[in-house]
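Residue numbers (the working numbering): -12 to 452. Glycine is no exception: its CB is placed at the ideal position from the N, C-alpha and C atoms. Keep in mind it's a predicted model, so treat the numbers as computed, not measured. Shown next, in C-alpha cells, is the structure this report addresses.
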Amino acid sequence: TVQAPISAAARSTRQWQEADSAHFMHPFTDHAGLARKGARIITRAENIYLWDSEGHKILDAMSGLWCVNVGYGQQALIDAAARQMKELPFYNAFFQTSTPPAIQLAELLAEVTPPQFSKVFFTSSGSEGNDTVVRMVRHYWASLGQPERQVIIGRKNGYHGSTMAGASLGGMSGMHAQGGLPIPGIVHIEQPHWFELGRGQSREDFGLTAARWLEAKILEIGPEKVAAFIGEPVQGAGGVIVPPSTYWPEIQRICDRYGILLVSDEVICGFGRTGQWFGCETMGTKPDLMTFAKGVTSGYIPLGGVMVSDKVAKVLIEQGGEFNHGFTYSGHPTACAVAVANIRLIQQLNLVNHVRQNIGPQLAAGFASLEDHPLVGETQTCGMMGALQLVKDKASGQPFDPALEVGMLCRAHCFGNGLIMRAVGDRMIVAPPLVMSRDQVDEMMALIRHCLDLSLSELKTKGWL
Ligand code: PMP
C-alpha cells in the first residue's frame, strides 16, 4: 500500500515545528523570526472553529484567508471532490476539449454574476486571475486597433496578488521594493482611505475627491493611452477600507467618460461577503471584467478566474483571434466540481441574504458599539468585513508610533484568547465565515472587546498611552 500523509497526532507540536522550519518556506514570512517562535500548527476545523496541535479551540474570524465563506466541514463540498476525483480527477481544456464540471461552473457563474457577464476564463488563484486581466485588456485594445492603450491604473495600498503582474497592480510599497516592481505600464493613485487622508472633509466630499484622482491621472497620462482601472470594491489586505458611498459611482462616471475598462477585483468581496453576490453590486458599479477566487470554492480547493463582460468577449471572439494565454489547471474538473457544490450551498443556505439582512447589520452594530472603547478611533464594516482603527488619542485620532507595533500586540491577545483577528498596522480586521449564527457573532464581539481591554491594560502598563 502507498503511504498517505501521516496524521497530525503522529508527531508532537515541537516535531512539526522543527520539520516546518527546516523545510517549509512560508508566504509573507520573516523566517528567522518564525524559527525562533515556531509555527502554530493547525490540525482540524469545524464550522467557524479551528483547533491547533495543542488542542486549543480558536474562533476563525478571518475565514482562513478571507475564503471559507461556507465554514469548515461542509460535506457537500467534500463529496463533490471525492466523486469527481474518482470519475475524472483532471483533464485540460486546451485542445478543443472540455469537461462537465467546468462547463457547469461556467454556466452557474453566468447565472450568479451581474447580467453583463456570460463568460468566464478559469485560473487557479486570484493572482493568476489578475495576470490574465493585464494580458486580456491589452489584447482587447490591440484587437480594437488601439495598441497604445496599455496603461492600467491601480491604487496605493490595493492588493491584487503576488505574481509579477498581481503585485504590480497592487500598491504595496514593501512588495514593489522586492523584484523590481511594478512592471512597465502600471501606475497608481491614492486610496479612498478617509481616516488617513480625508478627515478634513466629510466622507462624501472626500469620496469624490479620491475618485477624481483617477481623472487627474488619466489626463496626466493621456486618455488614449489608458487601458483600464482596477480596484477592490472594499480594500481587504490593505485593512478593510470601506470607501465613502460617493466614491465608486464617481469612478464609474470617469471610466465611462474616457472609455476606460473598469475591473473589479472581487477575490475577497465576491460570493456574498458584502451582502450581495459581488461587491460591485453593493458599490453600484458595472465592471467590464471581474476577478474572483477564494469564496468561489470557499477555499476548499484552489480556483480563480476572470468574468468577461459581453462587450469585451465580443471583441476578443470576433477580432482577437487566438488568446495565447492559459494554465494547465484552467477549468480543473475537481476544483470546478467543488465550486459548483459550494455555490449551490450558498444558494441553498440563502447566505447572501443572511449577510445582508441578518448578521451583516449585527456586525455593523457590534462594531459601532466598540466606538466607545478608549483605543478605537474609527470602526468600519461592509457585510461580513470589519475594521477597528486603534489610536493613541481618541479625540484627535492621533496614531501610535508605528515602531511600537500596537496592532501586533493586540493580535497576540486575540491569538492567546482563541480568536483569529488580523492586524494591518494598527487596524484590526475581521472577515468571518458567512454561516455565522447570531449567537456566534455575539461570541466573537465579546472576544474582540475582551482583547481590546487586555491590549489597553498592557499599553497602560508599558506606559505607551
Ligand atoms: N486580489 C485580492 C483582492 C486579494 O485579496 C487576493 C489575495 N488575498 C488576491 C487578489 C490574490 O489571490 P491569490 O492569493 O489567490 O493569488
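Euclidean distance between Cα positions of residue i and residue j
| i | j | result |
| --- | --- | --- |
| ALA69 | LEU336 | 22 Å |
| HIS400 | THR16 | 20 Å |
| ARG414 | GLU191 | 22 Å |
| VAL283 | LYS449 | 44 Å |
| PHE108 | GLY370 | 27 Å |
| GLU177 | GLY161 | 16 Å |
| LEU195 | PHE216 | 16 Å |
| ALA287 | PHE182 | Reading off the sequence, residue 287 comes out as Tyr, not Ala. Rounded to whole angstroms, TYR287 to PHE182 spans 35 Å at the Cα level. |
| TRP200 | LYS143 | 12 Å |
| ALA322 | ASP297 | 25 Å |
| LEU75 | SER285 | 22 Å |
| GLY364 | GLY313 | 46 Å |
| PRO389 | GLY412 | 7 Å |
| SER251 | ALA22 | 38 Å |
Candidates the options: closest to residue i by CA position
| i | options | result |
| --- | --- | --- |
| THR315 | PRO420, LEU168 and THR110 | THR110 |
| MET432 | ILE90, PHE354, THR150 and GLY292 | PHE354 |
| ASN34 | ARG409, VAL57 and GLY308 | VAL57 |
| ILE205 | GLY225, GLY246, GLN178 and PHE193 | GLY246 |
| LEU391 | LEU377, ASN404 and THR272 | LEU377 |
| LYS281 | SER317, ASN117 and GLY257 | GLY257 |
| VAL342 | MET123, THR0, VAL293 and GLN263 | GLN263 |
| GLY158 | GLY141, GLY167, SER296 and SER85 | GLY141 |
| ASN329 | PRO(-8), ALA(-5) and ALA63 | ALA63 |
| ASN404 | GLY132, MET123, LEU46 and ILE304 | LEU46 |
| GLY218 | ARG(-2), ILE435, LEU131 and MET270 | MET270 |
| ILE255 | GLY291, LEU332, LYS379 and LEU184 | GLY291 |
| PRO289 | LEU96, ALA300 and HIS319 | HIS319 |
| GLY373 | ARG27, VAL55 and ILE435 | ILE435 |
Classification of residue i by the beta-carbon crowding that lies within 10 angstroms, buried from 16 upward
| i | result |
| --- | --- |
| PRO231 | buried |
| ASN311 | exposed |
| HIS18 | exposed |
| PRO102 | exposed |
| ASP275 | buried |
| GLN61 | buried |
| GLN83 | exposed |
| ARG31 | exposed |
Same chain only: Cβ atoms within 7 Å of residue i, ignoring 5 sequence neighbours per side
| i | result |
| --- | --- |
| PRO169 | SER155 and HIS163 |
| PRO236 | GLY271 |
| GLY347 | GLY262, GLY370 and MET371 |
Sequence-distant residues of its chain with Cβ nearer than 8 Å to residue i (five each side left out)
| i | result |
| --- | --- |
| LEU446 | LEU362, VAL393, LEU396 and LEU452 |
| GLY307 | HIS126, TYR127 and SER130 |
6 Å Cβ shell around residue i - same chain, five flanking residues per side excluded
| i | result |
| --- | --- |
| SER114 | GLY148, SER149, THR150 and GLY153 |
| GLY25 | GLN4 |
| GLU358 | THR366 |
| ILE208 | VAL138 |
At what residue ranges does the segment 382 to 443 contain a whole run of the beta strand (DSSP E), taking only runs of 3 or more? Qualifying beta strand (DSSP E) stretches, in chain order: 409 to 411 and 414 to 417.
Kindly provide the ranges of any alpha helix (DSSP H) runs that are 4 or more residues long and lie completely inside the segment -11 to 33, ordered along the chain. Listed in chain order, the complete alpha helix (DSSP H) runs (minimum 4 residues) inside the segment -11 to 33 are 0 to 10 and 18 to 24.
Which full runs of the alpha helix (DSSP H) of 4+ residues lie inside the segment 63 to 129, going along the chain? As far as the segment 63 to 129 is concerned, its whole alpha helix (DSSP H) runs of at least 4 residues are 87 to 99.
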